[in-house]
């Protein structure tokens, strides 16, 4: 199960990175662009690390609003989901470690 999840995340991040790179090339050459909804959708499907890596490497969509805000909101939602999954489904030791870290950050 974890292997499939890791393969999925690798694939979606590679795809997201590639689509961002292609959009940057299209922007530079004046061709038809990839819709922002598509870029954000790929990030929402798990490609957030690939989106941030491409933005940094290609200096693409770094100042564009509201795109930037939406990408950060997607990131926040994914972090909340991951922490929630660890607390809900994770083993007791991992959940206790996450709770202790959240308490140290005064988030709990």
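Residue numbers (the numbering used here): 52 to 159. For every residue, glycine included, the Cβ atom is placed at its ideal position computed from N, Cα and C.
* Asked: Which whole-angstrom value is the C-beta distance of residue 63 and residue 93, which I expect to be below 8 Å?
  -> 7 Å
* Tell whether a beta-carbon distance below 7 Å holds between residue 192 and residue 97. => In the structure displayed, the chain extends from 52 to 159; residue 192 sits before or after that span and is not available.
* Around the Cβ of residue 135, are there at least 16 other Cβ atoms within 10 angstroms (buried) or fewer (exposed)? -> exposed
* Asked: Between residue 72 and residue 104, is the Cβ-Cβ spacing less than 7 Å?
  -> no
* **Helix, strand or coil at residue 73 [DSSP, three-state]** => helix
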